[in-house]
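Scroll down for the structure; my scribbles are underneath it.
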Amino acid sequence: MALKMSSSSSVSGNYARRRLNAERGTPKQCWCDEPSELFTSASVTNPGRLYYCCAKEYRKRHLLKWADECLVEEVEDIKPVIRGMNEDISELRLNVSRLEKKIEVMKKADMRKGDECMRNVVVCGVGMAILCYYYFFI
Ligand SMILES: [Zn+2]
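In terms of full-length UniProt numbering, the sequence shown opens at residue 1 and continues consecutively.
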């Protein structure tokens, strides 16, 4: 993999200004409050290279940022977000399986309670039947 970093020389004049702007990722606005637009470079050093620039004054080389640099920054900024989301997802998965186990235990306990209840009803019924038997027939 060979990455060529050849942008610094032609941008250096705007570098300090760009740093002042200091917005990471794709700039939505120029530092002069004009919206930014995507243009294609026609320079000898960077032919065809895309850049974001002031929509109004791009002819005065109001250069904001190379589009590829914007994208690199956006990807780098989004990496920790994605990592965090992955961690959240695995934590949520753990929580779900823990809850599933709890529900299973509760279901079993409930069934046991139901059985006990049925046994009580049967015992009660039998007791009542015996009582009635004695009351009416003896
Ligand atoms: Zn501007």
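Every residue gets a Cβ at the ideal spot worked out from N, C-alpha and C, and that includes glycine.
Bear in mind the structure is a predicted one, so any value in this text is a computation, not a measurement.
In the same chain as Cys-54, and ignoring 5 residues on each side of it, the C-beta atoms closer than 7 angstroms to its own belong to Cys-30, Cys-32, Glu-34, Ser-36, His-62, Leu-64, in chain order. The criterion of a C-beta distance shorter than 9 angstroms is satisfied by Ala-67 and Tyr-52. Rounded to whole angstroms, the gap between the alpha carbons of Leu-38 and Val-44 is 18 angstroms. For Cys-53, DSSP records a beta bridge to Glu-37, Leu-63. Distance from the CA atom of Val-105 to the CA atom of Lys-113, rounded to whole angstroms, is 12 angstroms.
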